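Asker:
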Amino acid sequence: MDPWHTPEEAAAWDASAGSHLPTRMEQQDLLLALLTESQIDDGAVLDLGTGSGLVAEAVLEALPGTELVGVDFSPAMLKLAGRRLRRFGSRVHLCQGDLSRPEEIDLPLRRYKAVFSVQTLHHLDNREKAAAFAWMAGLLGARGLVVVIDRVKVEEALFEDWLVTWRRVDPAASGTYAEHVAELTEAGDRPATLDDQIEWMKAAGLATSCLHLYGNRAMLVGRKSE
Ligand SMILES: C[S@@+](CC[C@H](N)C(=O)[O-])C[C@H]1O[C@@H](n2cnc3c(N)ncnc32)[C@H](O)[C@@H]1O
Numbered sequence: 000m001d002p003w004h005t006p007e008e009a010a011a012w013d014a015s016a017g018s019h020l021p022t023r024m025e026q027q028d029l030l031l032a033l034l035t036e037s038q039i040d041d042g043a044v045l046d047l048g049t050g051s052g053l054v055a056e057a058v059l060e061a062l063p064g065t066e067l068v069g070v071d072f073s074p075a076m077l078k079l080a081g082r083r084l085r086r087f088g089s090r091v092h093l094c095q096g097d098l099s100r101p102e103e104i105d106l107p108l109r110r111y112k113a114v115f116s117v118q119t120l121h122h123l124d125n126r127e128k129a130a131a132f133a134w135m136a137g138l139l140g141a142r143g144l145v146v147v148i149d150r151v152k153v154e155e156a157l158f159e160d161w162l163v164t165w166r167r168v169d170p171a172a173s174g175t176y177a178e179h180v181a182e183l184t185e186a187g188d189r190p191a192t193l194d195d196q197i198e199w200m201k202a203a204g205l206a207t208s209c210l211h212l213y214g215n216r217a218m219l220v221g222r223k224s225e
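The opening position of the sequence shown corresponds to residue 0 in numbering that gives the first Met the number 0, with each subsequent residue numbered one higher.
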């Protein structure tokens, strides 16, 4: 199941996070570009599923005037994040919370210029994902930004076609659809289709588009209206 609850699992995930996913750094660069161009200035950003703080660290470096709130439900991951982000001092607030029950999360700040989430929301079921998008939109001011970088579901009828495209970035990719589903189940991964994710973001009141996609790895961008 989820590989981040014990200190050993969290440390192992942290050590390999940048290497096992070939699209990760490109999409992280795009996230940084979107945030940098969004005049966040001395406002605040919210990182949902902050993990060991790898993405948060890059964001805090790119936005020197900005505060960041990082939410995660794993104390082991938050401990790693605390160590990694200590040098940013009072600009960082780490908060334990479960995104499947966002209304119970006691956020230290109530208004954000941007909310982002990397490789996390696919752990929620579909009802929880839709509710999480609505909650995120409610935390944003006018023209607030949402960026979600995450897995999307591979349809069974297109599995072989997905493998052909994915081998361009991971030549070892192979296996059957049943094996793919078994791997997802084992890891507690529940990716939704791209169409569903876009629909839930739109239903939350966000103008939404998928602005980067490679295989089953998407970057969805939403903007709240004026
Ligand atoms: C794959 S890691 C990604 C961490 C970080 N965003 C990154 O990209 O480096 C997923 C993180 O989501 C957290 N997570 C998973 N389900 C969660 C939930 N329901 N509520 C809060 N955090 C959750 C895990 O503890 C883990 O730290």
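Ideal Cβ positions, reconstructed from N, Cα and C, are used throughout, including at glycine.
Since the model is a prediction, treat every value here as computed from it, not as a measurement.
DSSP on G88, reduced to helix/strand/coil?
Answerer: Here residue 88 refers to the residue found at position 89 when the sequence shown is read from its first residue. Looking at G88 - three-state DSSP - the assignment turns out to be helix.
Asker: Would you kindly report the start and end of the unbroken beta strand (DSSP E) that includes E66?
Answerer: Reading the sequence shown from its first residue, position 67 is the one you call residue 66. Per DSSP, E66 belongs to the beta strand (DSSP E) from 66-71.
Asker: Based on Cα-Cα distance, which residue from G221, E185, A177, G204 lies nearest to I148?
Answerer: For the purposes of this step, residue 148 is taken as the residue at position 149 of the sequence shown. With distances taken between CA atoms, I148 lies nearest to G221 out of G221, E185, A177, G204.
Asker: Taking Cβ to Cβ, would you say D97 is nearer than 8 Å to F72?
Answerer: Locating residue 97 in the sequence shown gives position 98, counting from the first residue. Locating residue 72 in the sequence shown gives position 73, counting from the first residue. A contact, by the Cβ cut-off of 8 Å.
Asker: Is the beta carbon of A80 sitting closer than 8 Å to the one on L59?
Answerer: Stepping through the sequence shown from its first residue, residue 80 is reached at position 81. Stepping through the sequence shown from its first residue, residue 59 is reached at position 60. Their beta carbons are not under 8 Å apart, which means A80 does not touch L59 by this criterion.
Asker: Answer yes if the region 156-174 comes into contact with the region 188-202, meaning at least three C-beta pairs across the two stretches below 8 Å, and no otherwise.
Answerer: no
Asker: Can you check DSSP and say which residues form a bridge with A61?
Answerer: As a working note, residue 61 is residue 62 in the sequence shown. Its beta-bridge partners do not exist; DSSP assigns none.
Asker: Between L183 and ligand 1, is there a pair consisting of the residue's CB and a ligand heavy atom that are separated by less than 7 Å?
Answerer: Stepping through the sequence shown from its first residue, residue 183 is reached at position 184. No - ligand 1 has no heavy atom lying nearer than 7 Å to the Cβ of L183.
Asker: Would you mind stating whether Q27 and V68 have Cβ atoms separated by less than 8 Å?
Answerer: Position 28 of the sequence shown, counted from the start, is the residue given in the question as residue 27. Position 69 of the sequence shown, counted from the start, is the residue given in the question as residue 68. No; because the gap between Cβ atoms is not below 8 Å, this pair is not in contact.
Asker: If you measure from the CB of W134, is any heavy atom of ligand 3 nearer than 7 Å?
Answerer: For the structure depicted, ligand 3 is absent and the ligand set comprises only ligand 1.
Asker: Could you compute how far the alpha carbon of L20 sits from the alpha carbon of R90?
Answerer: In the sequence shown, residue 20 corresponds to position 21, counting from 1. In the sequence shown, residue 90 corresponds to position 91, counting from 1. When rounded, the distance between both Cα atoms is 29 Å.
Asker: Can you give me the C-alpha to C-alpha distance between E155 and G64, rounded to a whole angstrom?
Answerer: The residue given as residue 155 occupies position 156 in the sequence shown. The residue given as residue 64 occupies position 65 in the sequence shown. E155 and G64 have their alpha carbons spaced roughly 46 Å apart.
Asker: Would you say V145 and V114 are within 8 Å of each other, going by their C-beta atoms?
Answerer: The residue you call residue 145 lines up with position 146 of the sequence shown. The residue you call residue 114 lines up with position 115 of the sequence shown. Contact flag set, yes.
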